[in-house]
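For reference, the structure discussed in these notes is given below.
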Amino acid sequence: MSDVRRWAGRLRRRVRASTEQLGDRVRGPASGPRVSAIAVVHGGTASTGHVDACVASVLGTGHRAVEVLLAPTDPAAERAVAASGHLGDRRVRVLPLGPAGLDAAVAAADGEYLTFVDSADELAAGSLPRLVASLEASGSDVALGPVAAVRGGRTTPPTWADTLYAGHLTGQQVGSCPDGLVGAALTGALHRTSSWHASGASVADWGARAVAAARVLLTSTFDVVPGTAYLRHDRTASLPVDEQPRFRPSLVAIEVGALRQVAALVADTDSAVYRRWLVLTLTHVVPPLLVDAVGGGSRSLEVLGPFVRDLVGDTGPGALAEIPVTARMLARASQGSLHDVALVQDLVADNPHGLPTERSAEGAQVVVLPAGLAIPVPDAVRRIESVDRVLRTVVGTIRRDDLGGLTVNGAAFVEYGERATVPTVTLAGPDGRHVPMLVEPRHDPDVNLWAQRAWEDRAGSGFTARLDPGTEPPSPSGRWRVDVHLGRRAGSHDVALADPADGPPTRLTGATLQDGPRPVLVLDGSGPAPARVLLDGGKGGSPAADVETSGRSWVARVPLVTRLFGCEVLLPAGRYAVELRDAAGTPVAARWHGATTHGDLVGDRLRLVPGDGPTGPVVSVAAPLRHDERSAYDQQRLQTHVYAAPPEPTYDGTVVLETFRGRSVGDNPGAIGREILARGLDLELAWVVDDPSVAVPEGTRALPRRSERWYDALGRARAYVGNAGAPYWFTKKTGQVHLQTWHGTPLKRIGEDRGPGDFQTWRHRRRIALQAAGWDAMISPSPFCSEHFRSAFRFDGRFLEVGYPRNDVLLDATRGPQVRARVRAALGLSDTDRVVLYAPTWREYVGVRDAKPLYLDAEALVRDVPDAVVLLRGHYNATHQADVFRGESRIHDVTRYPDIADLYLAADVLVTDYSSVMFDFALTDKPQVLLVPDLDQYRDVERGFYVELEDVAPGPLVATTDEVAAALAAEDVHGDRRAAFRDQFCPWDDGRAAARTVDWLLSQI
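Structure (structure tokens):
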């Protein structure tokens, strides 16, 4: 038997060796130096739940010679490691818990190189090959790569990435590259193992890992390697603020303690290096800690405030001027209160591309302080310094002009600069030879769109640079670099000569907009003519237009409309492919010619932007904003000079109506508007619209959101009726009436009732509180709503306890059946179809706020329930998304249907979850099914409820599509629950809510 075992062992070894040799032949013989990756595993699902993903990322970077050392730090982590699916991989080892902690893991590593990864995170694809290659070539001790943050589905590079990682640097030391110390971390770095041991660094305390990283860098040479190396996942972003680690004062104290130790290490080296570290830390590391302190509370600020004070004290007045003004002001605010910190950050958030400035008593350019700031801010802190005056440059495509010369348009300005200056422009070839270009100033309002400087008019910063036909370019390649100089600042751009002969022979030579009730895009073309032209996008498309030909020229007149729920409407906002087809329906390749794509086409109800897509020409449809309405500067100008101009309303008969920020003309404002029109009152109704496809009722006018008409109406109208928050800057003027209708009965907690929040929560609540102070009344459908609206919005004004106007139609015995028949006909539904309206609410924790969380498998439902038709109604946050289930005959995406009340009437049953639609639909007394597979997460983690859903639900609670199908097949036994539900949540809905609301409104105006 022992001989058999020995023979079997030899066979296994030979098979393994043969397999490895085969792998070498397939993958190539070179595996490179060995890398030991220590994966630190902590207790808690944020770390333990992603061990396999972490290990897979290390093994999948593209570097073959790698081992993963799983290092659990506590028993919970040890159990998670034991369950890993990678334990059978010979490249993965598990290290036992021990008193030496991670230092024992370092000692066990046998690779030539060493890196660290938290098991909640991942190494970026291709990272190890880049870092290893750099160290192999340079001989340095450490290679640093950018660490990107991943939160809520978004990946964000560090704020210092543009400077530190602008290029590949090798053989650096902190004296030559002190920026390498900013945000010092073990993750994202690759260490030569021998150098690590020589540095004496220790990771016995993982919380002080920044100290170990700094210690290594201070005694080493390092490379700086561009390209994301490490993905730091915030796995707790969906948890309540008080459960997220970054808001915990105890963990803030640990981080600050580590930073203090790093400061002490750096201070002992070189004064210039320490000064630079202070500047970078106050610029990049401290601001996000202070913003998070708004969510962490006063205890977090008690830790951060003294630390920031010490940093500023060590920095000194001279170095303070090297810190951007936003960071200086936040540091100053940290010496006051959390409210001061939040006010400064609110100013920055409102003006992300440049703060408002004024002249101080001494004539210096300083930032305008936010109202309500308690702590005094010296001029030295709010002064605009050289570090704030950043050169911004942009250049377009370089082309040959009619005379054969080279021409390029561009723009250049210095942020916070107060006058336009003509730059110096040169054309550089690959050999480094520069040829000066002739530069002329060019006034171009579109520069403001690119600049996005709300408080600076940069329309005069455009330029045109020319190279005369007689001047030879620096090289004949057609690929050059344009260098733009303003004083001692410079920007560079790689350009390629646009060749008119490139591309397919069919060309679009012109585009014009014929405005009118049914606007038309007129496309002129040359070359082989298509038979038909149409626009196609994710939310529909235009009818196909026949092509008229004349020689080699042709023209197509494309109607800018589509069919939506049985009606013809303007094309929704979005990007549309310009599709050209021959007589057989085969696509015809085409391209824009010359300057056809330059400039927008603006009509009364929409704007067209011709452009290039990945596969051909496109046209974007947008709101009809003029050139002088679209940029951040234009919006600031309209807000301060148009909206704020009238001290009191002068359009006495104008009522502005707004539903979901212009995405609809339905809901409560829609019902109120219909009642006003039905009475024939001498009032002008103006609807806020944010999409060309939103058609306003006959007898009313449209106010495109962000247009001058919109600002003017909000400033002058007699009344403003909205169902959500108004624009943040809106302040009711003397004599104006502001009616808040809101948009549903809340099951989930809202506003101030949600508990602790982060800075964004503080910002939202502050704006709602400021607006609520100006509400003349708020509509309520029940005592339940009155109670909770009062606490959620801190509203102590009048409630119109009249019911919801939008629900009147549900109780109208005459109109209700008519609407049901009309909607079903528009959607192509028969009387025998069993229409299931699926209307889920949105979830923050699915990663995208405006996603359509499809927990219902609509395809399975219509397959298993033969007479079922599903109407999918996403949250209003998702109205701009592409339609889903296009082409499905028994599944209709009705997210963009104008008024959900019509859908209630058309439906036979509602499937929802935690949405307020359950309260309105209850008035129809039709069955409801609540599909709530994530009940525990939503109720206990995400939002919290005002009532226990299980106790009051108007229908069964289910977790799967199969259970939904079973509920549809079962006998309806929930009539009594629906009746009790209506009595509690809809007692004032009787079909006359709109009339009572209009009566009150007329009494006020």
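Under the working numbering, the first residue of the sequence shown is numbered 121, with each subsequent residue one higher. Don't be surprised by glycine CBs; every beta carbon is placed ideally from N, CA and C.
For R1129, I'd like the list of residues in its chain whose CB is within less than 7 Å of its CB, leaving aside the five on either flank, ordered along the chain.
This structure does not reach residue 1129, given that the chain is present from 121 up to 1125, and the question cannot be answered.
In DSSP terms, what S784 is bridged to
T779
Give the range of the beta strand (DSSP E) segment to which Y840 is assigned.
Run containing Y840: 837-842, per the beta strand (DSSP E) assignment.
Length of the line joining the Cα atoms of D564 and Y753:
13 Å
Presumed contact (8 Å Cβ cut-off) between V534 and V559, rounded CB distance:
Wrong, their Cβ atoms sit about 16 Å apart, outside the cutoff.
Which residue from T290, P472, L974 puts its Cα closest to that of H995?
L974
With a CB to CB cut of under 6 Å and the five nearest residues on each side skipped, what residues in its chain are close to A357?
R271, G272
Between V990, T865, L1025, which has its C-alpha nearest S1009's C-alpha?
V990
Along the chain, where does the alpha helix (DSSP H) containing C905 start, and where does it finish?
903-913
What does the Cβ neighbour count give for T275, buried or exposed, with the cut at 16 atoms within 10 Å?
exposed
Does L142 pass the burial test, meaning 16 or more other C-beta atoms within 10 Å, or should it be called exposed?
For L142, the predicted model reports a pLDDT of 37, less than 50, meaning its position is unreliable; a value from the coordinates is still stated below. With fewer than 16 Cβ atoms within 10 Å of its Cβ, L142 is classed as exposed.
Just confirm the distance between the C-beta atoms of L834 and V776, as a whole number of angstroms; I'd bet it's less than 8 Å.
6 Å
Would DSSP call C687 helix, strand or coil?
strand
For the alpha helix (DSSP H) that contains Y696, what are its first and last residues?
Not the alpha helix (DSSP H): Y696 falls in the beta strand (DSSP E), residues 694-701.
Thinking V1128 and L823 are a contact (beta carbons under 8 Å), I'd like their distance in whole angstroms, please.
Residue 1128 lies beyond the stretch modelled for the chain, which goes from 121 to 1125, so this question has no answer here.
Please report how far the alpha carbon of S480 lies from the alpha carbon of G530, in whole angstroms.
33 Å
Using 7 Å as the threshold, is the C-beta distance between V667 and P650 below it?
yes
Evaluate L523 with the Cβ neighbour count: other Cβ atoms within 10 Å of its Cβ, from every protein chain shown; 16 or more gives buried, anything less gives exposed.
exposed
Between the alpha carbons of A228 and A328, how many angstroms are there, rounded?
21 Å
Go through its chain and collect everything with a Cβ distance to A269's Cβ below 6 Å, but skip five positions before and after it.
T276, R352
Going by CA-CA distance only, name the one from T584, E699, R725 that's closest to T735.
E699
Tell me the DSSP secondary structure of H61 in three-state form.
The chain is shown only over 121 to 1125; residue 61 falls outside these bounds and no answer can be derived.
From S911 to C905, what distance separates their C-alpha atoms?
10 Å
Quick one, are the C-beta atoms of S697 and V741 less than 7 Å apart?
It should be pointed out that residue 697 corresponds to Ala in this sequence rather than to Ser. No, Cβ-Cβ distance for A697 and V741 is not below 7 Å.
According to DSSP, which residues form a beta bridge with F236?
I158, T307
Can you tell me the Cβ-Cβ gap for R380 and F427, rounded? I've got them flagged as a contact below 8 Å.
7 Å
What separation, rounded to the nearest whole angstrom, lies between the Cα atoms of L547 and Y536?
27 Å
Would you mind working out which of W600, G623, P624 sits nearest D614, comparing C-alpha positions?
W600
May I have the straight-line CA-CA distance separating P812 from A743, to the nearest angstrom?
Cα to Cα, the separation comes out at about 6 Å.
Would you report the Cα separation of H1094 and A978, rounded to the nearest angstrom?
Each residue's Cα considered, the two are about 24 Å apart.
With a threshold of 6 Å on Cβ separation, who are the neighbours of S1136 within its own chain once the five nearest residues in sequence on each side are excluded?
The requested residue 1136 is not part of the displayed model; the chain covers only 121 to 1125.
Hey, could you find the ends of the alpha helix (DSSP H) S254 is sitting in?
247-258
Which listed residue (R983, A1021, N927, A1026) has its alpha carbon closest to that of D951
A1026
Residue closest to A566, alpha-carbon to alpha-carbon, out of M557, P556, D577
The question names Ala, yet the displayed sequence has Asp at residue 566. Among M557, P556, D577, the Cα nearest to that of D566 belongs to D577.
Measuring alpha carbon to alpha carbon, tell me which residue in D1109, G1111, A1087, A1073 is nearest A1100.
A1073
Quick one: using the 10 Å Cβ neighbour count with 16 as the cut-off for buried, is G182 buried or exposed?
exposed
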